[in-house]
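See below for the structure under consideration.
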Amino acid sequence: MFATVFAFGWIPLGAAEEADLPKVLYITTTAGFHHSACEYSVPVIQKLAKQSGLFEVVCSDKTDLINAEDLKRFDAVCFSNTTGDLGQFPLSEADREALIEAVRGGTAFIGIHAATDTYKDWAPYYEMLGGSFIAHPWHEEVKIVIEDPSHPAAQNAPSPWLIKDEIYTFKNYSRSDLHVIMSLSSDSFKGKGNREDNDYALAWSRMYGKGRVFYTGLGHDHEVWDAPAFQKHLLGGIAWALGEAEATLTPGHERMEAGFDVLFDGESLNWGEDFEVSGGPEYRSHWTVQPGGVFQGFSEKDSSHLFYIKRPYRNFEAHSEIMISATGNSGWYYRCPKARNYDAANGIYRNWPAGFEAQINNGSGDPKRSGTFYPEPTLWDADIQRVLGFDHEKDDPDFWFKMSIIAVGDHMVIKLNDQVVVDHFVGEREKFYEGLFAFQNHHPGTVVKFRNMVVRPLADDLK
Numbered sequence: 002m003f004a005t006v007f008a009f010g011w012i013p014l015g016a017a018e019e020a021d022l023p024k025v026l027y028i029t030t031t032a033g034f035h036h037s038a039c040e041y042s043v044p045v046i047q048k049l050a051k052q053s054g055l056f057e058v059v060c061s062d063k064t065d066l067i068n069a070e071d072l073k074r075f076d077a078v079c080f081s082n083t084t085g086d087l088g089q090f091p092l093s094e095a096d097r098e099a100l101i102e103a104v105r106g107g108t109a110f111i112g113i114h115a116a117t118d119t120y121k122d123w124a125p126y127y128e129m130l131g132g133s134f135i136a137h138p139w140h141e142e143v144k145i146v147i148e149d150p151s152h153p154a155a156q157n158a159p160s161p162w163l164i165k166d167e168i169y170t171f172k173n174y175s176r177s178d179l180h181v182i183m184s185l186s187s188d189s190f191k192g193k194g195n196r197e198d199n200d201y202a203l204a205w206s207r208m209y210g211k212g213r214v215f216y217t218g219l220g221h222d223h224e225v226w227d228a229p230a231f232q233k234h235l236l237g238g239i240a241w242a243l244g245e246a247e248a249t250l251t252p253g254h255e256r257m258e259a260g261f262d263v264l265f266d267g268e269s270l271n272w273g274e275d276f277e278v279s280g281g282p283e284y285r286s287h288w289t290v291q292p293g294g295v296f297q298g299f300s301e302k303d304s305s306h307l308f309y310i311k312r313p314y315r316n317f318e319a320h321s322e323i324m325i326s327a328t329g330n331s332g333w334y335y336r337c338p339k340a341r342n343y344d345a346a347n348g349i350y351r352n353w354p355a356g357f358e359a360q361i362n363n364g365s366g367d368p369k370r371s372g373t374f375y376p377e378p379t380l381w382d383a384d385i386q387r388v389l390g391f392d393h394e395k396d397d398p399d400f401w402f403k404m405s406i407i408a409v410g411d412h413m414v415i416k417l418n419d420q421v422v423v424d425h426f427v428g429e430r431e432k433f434y435e436g437l438f439a440f441q442n443h444h445p446g447t448v449v450k451f452r453n454m455v456v457r458p459l460a461d462d463l464k
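Here is the structure:
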């Protein structure tokens with residue numbers, strides 16, 4: 002999937018006309034504790050529906066439309082801060098069973114915050130949703146670990162995410178049954194949790210029969226509903242639930258709370274330990290350390306590639322600030338298998354790496370621009386001008402931009418200046434699952450610079 006950037010993160014190309022938009026039934030019925038976010042959220046979800054163009058929403062604080070016949074009109078049902086147990090929540094036995102059967106048959110279900118405080122005593126519901134509320138030990142600023150930043154509900158989230166909200170803990174929850182997207186960082190536990198495994202998931206997705214189920218534990222505070230990061234998180238989850246975006250769905254992946262590795266310390270390339278150049282040591286002069294924590298590639302007569310050899314990466318998110326000369330061509334390679342790229346007999350790394358490439362090129366003869374998952378999906382001049390504000394017809398030697406790469410199994414996400422530009426599953430082409438990073442100096446005269454380069458390893462069993 003190629004993603005085009007808009008205010009809320011992305012809209013799939015070829016979005017349906019308004020008459021064909023999927024319909025979401027947004028329910029805020031409460032029979033237990035009433036959250037004021039029920040009313041506060043309605044104009045927010047209406048705005049998200051209208052401005053994204055992804056779906057049409059019908060909002061109700063009643064359950065009249067939850068029955069076997071009316072559910073056929075909707076592509077998704079959203080319980081937003083609903084509350085009430087079996088004897089309280091106003092659904093007949095036939096209607097609540099119709100809801101479960103609709104999800105099993107393909108209707109999406111989206112749960113927000115207190116949706117897990119609904120039917121805590123009715124197994125078909127909490128088994129479908131993936132958990133039920135126990136308590137909220139935290140109502141303060143917490144740190145959220147983004148376990149799968151490739152998921153549409155997380156692609157636009159800060160990593161880590163600092164947010165103040167009411168944070169739930171759950172029973173009837175098992176990581177082995179769910180694809181956890183986000184969880185509470187151990188830095189925020191402060192001895193308040195109530196699970197022996199210290200697994201405090203905050204957002205997840207799963208399949209229930211043919212239906213897609215997405216849940217987020219956020220959404221208590223009004224300020225959260227106003228926050229662009231939460232709105233993008235929710236919109237991404239809704240898009241996935243409606244089948245407008247795809248994601249990996251591996252259940253039970255390892256909970257991993259790794260920090261970011263700094264690939265370049267700003268002082269030395271540490272040849273032979275951290276970095277090595279293709280072709281042998283005589284080409285090291287093509288890559289130099291510059292003031293301001295920058296490493297630069299430049300040659301007057303040869304191409305070359307700089308390999309980061311300290312360790313390979315499998316699943317990861319990585320970020321760097323980049324500058325490329327107006328007629329320059331470069332690339333950020335990743336998952337380059339050492340066995341394919343290192344000539345052991347001669348003790349040198351080969352030029353033109355085998356691996357995946359995120360293109361770095363704002364104006365050279367190759368029309369495929371920065372952010373392209375080479376060779377496709379492709380970004381063109383108009384994309385770069387819209388996303389980065391860069392005009393390829395003007396020479397700006399001081400134009401820096403941020404590139405981010407997220408690799409999870411076959412799922413590749415590339416961002417420019419924190420905006421998703423490529424959201425793509427690798428199809429029928431050679432695939433690479435683990436390897437080194439490499440940085441390209443494509444042709445003589447190219448100047449490419451990198452700074453503030455970091456990478457965070459993700460769980461190996463995400464796929």
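So the sequence shown is numbered by the numbering used here: it starts at 2 and just counts up by one. The C-beta atom is built at its ideal place from N, Cα and C for all residues, glycine as well.
Alpha carbon to alpha carbon, how far is residue i from residue j?
i       : j       : result
Lys-63  : Phe-426 : 40 Å
Asp-266 : Gly-294 : 7 Å
Tyr-41  : His-223 : 7 Å
Phe-67  : His-234 : Strictly speaking, residue 67 in this sequence is Ile, with Phe absent from that position. Cα to Cα, Ile-67 sits roughly 26 Å from His-234.
Arg-452 : Ile-323 : 7 Å
Glu-255 : Asp-461 : 8 Å
Ala-155 : Pro-378 : 21 Å
Ser-206 : Arg-315 : 22 Å
Ala-4   : Asp-384 : Its pLDDT being 46, under 50, Ala-4 is placed unreliably in this model, and the coordinates cannot settle the point.
Cys-39  : Cys-60  : 10 Å
Lys-24  : His-444 : 51 Å
Gly-280 : Tyr-350 : 6 Å
Ala-95  : Ala-103 : 12 Å
Val-409 : Ser-151 : 7 Å
Met-454 : Leu-264 : 6 Å
Trp-139 : Lys-193 : 7 Å
Just mark residue i as buried or exposed, buried being the case when its beta carbon has 16 or more other beta carbons within 10 Å.
i       : result
Phe-171 : buried
Ile-12  : With a pLDDT of 45 at Ile-12, under the threshold of 50, the modelled position of this residue cannot be trusted; read the value that follows with caution. It is buried - the Cβ of Ile-12 has at least 16 other Cβ atoms within 10 Å.
Arg-341 : exposed
Asp-122 : exposed
His-306 : buried
Thr-119 : buried
Val-456 : buried
Ser-37  : exposed
Glu-277 : buried
Gln-420 : buried
Using only alpha-carbon positions, find the residue among the options that is nearest to residue i.
i       : options                            : result
Gly-253 : Asn-316, Ala-202, Glu-322, Pro-159 : Ala-202
Phe-317 : Glu-148, Ala-103, Gln-291, Trp-123 : Glu-148
Ala-124 : Arg-97, His-140, Ala-115           : Arg-97
Gly-88  : Asp-65, Cys-79, Thr-31, Asn-82     : Thr-31
Arg-176 : Gly-281, Lys-191, Asp-200          : Asp-200
Tyr-334 : Gly-356, Asn-363, Ala-345          : Gly-356
Asp-424 : Trp-241, Leu-264, Tyr-126, Trp-162 : Trp-241
Thr-217 : Leu-185, Phe-190, Thr-251          : Leu-185
Thr-117 : Trp-162, Phe-34, Glu-94, Val-25    : Phe-34
Ala-259 : Val-45, Pro-161, Arg-196           : Pro-161
Lys-395 : Ser-326, Val-409, Leu-49           : Ser-326
Asp-411 : Thr-249, Leu-179, Trp-288, Gly-132 : Thr-249
Phe-433 : Phe-110, Ile-239, Cys-337          : Cys-337
Gly-298 : Trp-401, Asn-82, Gly-446, Pro-368  : Gly-446
Would you mind reading off the limits of the alpha helix (DSSP H) that contains residue i?
i       : result
Arg-341 : 339-342
Asp-382 : 382-389
Glu-98  : 94-106
Ile-239 : 229-242
Ala-50  : 38-53
Between which two residues does the beta strand (DSSP E) holding residue i run?
i       : result
Met-257 : No beta strand (DSSP E) holds Met-257; DSSP gives it neither H nor E.
Val-295 : 295-298
Ala-439 : 436-442
Ser-425 : According to the sequence provided, residue 425 is His. The question's Ser does not apply to it. It spans 420-426 - the beta strand (DSSP E) in which His-425 sits, taken as one unbroken run.
Ile-164 : 162-172
Pro-125 : Not the beta strand (DSSP E): Pro-125 falls in the alpha helix (DSSP H), residues 124-130.
Ser-81  : 77-81
Ser-305 : 305-314
Glu-277 : 276-278
Phe-402 : 401-409
Ser-184 : 180-185
Tyr-27  : 24-28
Asn-453 : 449-458
Tyr-133 : The question names Tyr, but residue 133 is Ser in the sequence shown. Looking at the DSSP string, the run of the beta strand (DSSP E) that includes Ser-133 is 133-147.
Write down the C-beta distance between residue i and residue j rounded to the nearest angstrom, noting that I regard them as a contact closer than 8 Å.
i       : j       : result
Tyr-174 : His-137 : Actually they do not touch by this definition, with Cβ atoms about 15 Å apart.
Ala-359 : Ile-310 : Incorrect: roughly 19 Å between the Cβ atoms, too far for contact.
Gly-212 : Gly-112 : Not quite, the Cβ-Cβ distance comes to about 12 Å (not below 8 Å), so this is no contact.
Ile-101 : Tyr-126 : 7 Å
Phe-308 : Leu-270 : Wrong, their Cβ atoms sit about 11 Å apart, outside the cutoff.
Gly-329 : Val-422 : With a Cβ gap of about 19 Å, Gly-329 and Val-422 do not count as contacting.
Ser-331 : Gln-441 : 5 Å
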